[in-house]
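Asker: In terms of the working numbering, the sequence shown opens at residue 1208 and continues consecutively.
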Amino acid sequence: MAAITRSTGIVAMALMVLSLLWGFLFSSRATGKRLRPNWWLDLHIWLGGLALIFTIVHIVASLLDTNSGIGLVEVFVPRLSAADRSITWGVLATYITAAVVLTTWPKRWKNRRWWRVVHVLSVVGTALALVHSYQSGSDSTQFAFQVGMVIAVAVATYGLGLRLSTLRPQRKPS
Ligand code: HEM
Ligand code: HEM
1208 MAAITRSTGI VAMALMVLSL LWGFLFSSRA TGKRLRPNWW LDLHIWLGGL ALIFTIVHIV
1268 ASLLDTNSGI GLVEVFVPRL SAADRSITWG VLATYITAAV VLTTWPKRWK NRRWWRVVHV
1328 LSVVGTALAL VHSYQSGSDS TQFAFQVGMV IAVAVATYGL GLRLSTLRPQ RKPS
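So, in structure tokens, the structure goes:
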């Protein structure tokens, strides 16, 4: 069961980072001319939905693993003691991802401004998930895992940087 917890965690993390990148590519209009923007948006939505599904499977696997020390309290309640903190980052990342998905699917929140605030919180959610992965994972001492983490951080930072560089400056009222 521990192997399932680890593998589903890695897949969830990869999907989350890719969904973040696809979201930023779409909103920065950096999707090129070969494929229609809606193709990128559809893929973004699939990646985001699958990230949440794999996260749920990851959590259920950790609950079923009797050696993981994870029970319902650990899954639902963010706790701040030093020993619990690494899991707490995962709990908060899960709440944020669930909020991002459920405020958009099956129906997008009507208030565009608040929808975007919640949606952009996915940057914080992804960062917390990365910290959780590194701190909780028994694979995090492996070279391949560490290379994967560096690539994930680079991809997420690239997406965010691209989006920030295409933000239009606010016009000052004259
Ligand atoms: C599965 C449910 C999801 C749906 C239906 C959805 C839908 C959308 C839509 C319609 C946009 C385009 C907004 C615009 O520019 O007008 C968008 C952008 C974005 N999405 Fe998602 N999304 C989902 C999940 C996620 C997840 C799980 C993440 C992060 C891991 C995410 C991160 C982003 C980001 C970073 C943007 C760019 C926002 C911006 O720059 O303003 N989305 N999404
Ligand atoms: C309630 C929320 C969560 C709980 C209770 C939880 C639980 C755990 C546990 C117990 C481990 C250690 C597994 C082991 O090394 O044997 C772990 C590792 C991991 N988790 Fe989570 N997790 C949660 C949320 C997340 C989220 C949101 C993501 C990413 C989207 C994630 C990705 C990972 C990854 C990548 C690892 C490292 C796996 C490895 O060492 O190969 N987790 N998690």
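Don't be surprised by glycine CBs; every beta carbon is placed ideally from N, CA and C.
Model, not experiment: these values are computed from the prediction.
Roughly how many whole angstroms lie between the Cα atoms of serine 1343 and alanine 1305?
Answerer: The residue given as residue 1343 occupies position 136 in the sequence shown. The residue given as residue 1305 occupies position 98 in the sequence shown. Approximately 21 Å between the Cα atoms of the pair.
Asker: Taking contact to mean 3 or more Cβ pairs, one atom from each stretch, closer than 8 Å, check whether the region 1220-1238 and the region 1254-1262 are in contact.
Answerer: Taking 8 Å as the limit for Cβ pairs, the verdict is that the region 1254-1262 does touch the region 1220-1238.
Asker: Measure from the alpha carbon of isoleucine 1358 to the alpha carbon of each residue in Leu1287, Asn1274, Leu1228 and Pro1313, then state which is nearest.
Answerer: Counting from 1 along the sequence shown, the entry for residue 1358 is found at position 151. Comparing Cα-Cα distances from isoleucine 1358 to each of Leu1287, Asn1274, Leu1228 and Pro1313, the minimum goes to Leu1228.
Asker: Does glutamine 1353 come out as helix, strand or coil in the three-state DSSP assignment?
Answerer: Start at 1 with the first residue of the sequence shown, and residue 1353 comes out as number 146. Of the three classes helix, strand and coil, the one that applies to glutamine 1353 here is helix, per DSSP.
Asker: If you measure from each residue's Cβ to the nearest non-hydrogen atom of ligand 3, which ones come out under 6 Å, in chain order?
Answerer: Among the ligands modelled here, namely ligand 1 and ligand 2, ligand 3 does not occur.
Asker: Give a yes or no on whether the C-beta atoms belonging to valine 1307 and valine 1330 are separated by under 8 Å.
Answerer: Counting from one through the sequence shown, the residue named residue 1307 turns up at place 100. Counting from one through the sequence shown, the residue named residue 1330 turns up at place 123. It is not a contact, given that the beta carbons lie outside the stated cut-off.
Asker: Would you call the CB atoms of tryptophan 1322 and threonine 1333 closer than 8 Å?
Answerer: Counting from one through the sequence shown, the residue named residue 1322 turns up at place 115. Counting from one through the sequence shown, the residue named residue 1333 turns up at place 126. It is not a contact, given that the beta carbons lie outside the stated cut-off.
Asker: Is it the case that the Cβ atoms of leucine 1254 and serine 1226 are separated by a distance below 8 Å?
Answerer: For the purposes of this step, residue 1254 is taken as residue 47 along the sequence shown, with counting starting at 1. For the purposes of this step, residue 1226 is taken as residue 19 along the sequence shown, with counting starting at 1. A contact, by the Cβ cut-off of 8 Å.
Asker: Going straight from the alpha carbon of isoleucine 1211 to that of alanine 1268, what length do you get?
Answerer: In the sequence shown, residue 1211 corresponds to position 4, counting from 1. In the sequence shown, residue 1268 corresponds to position 61, counting from 1. One C-alpha to the other measures close to 6 Å.
Asker: Does at least one heavy atom of ligand 2 sit under 7 Å from the Cβ of isoleucine 1277?
Answerer: Here residue 1277 is taken as the residue at index 70 of the sequence shown, counted from 1. Isoleucine 1277 Cβ: within cutoff of ligand 2.
Asker: What does the alpha-carbon distance come out to for the pair valine 1360 and leucine 1337?
Answerer: Here residue 1360 refers to the residue found at position 153 of the sequence shown. Here residue 1337 refers to the residue found at position 130 of the sequence shown. Answer to the nearest angstrom: the Cα atoms are 8 Å apart.
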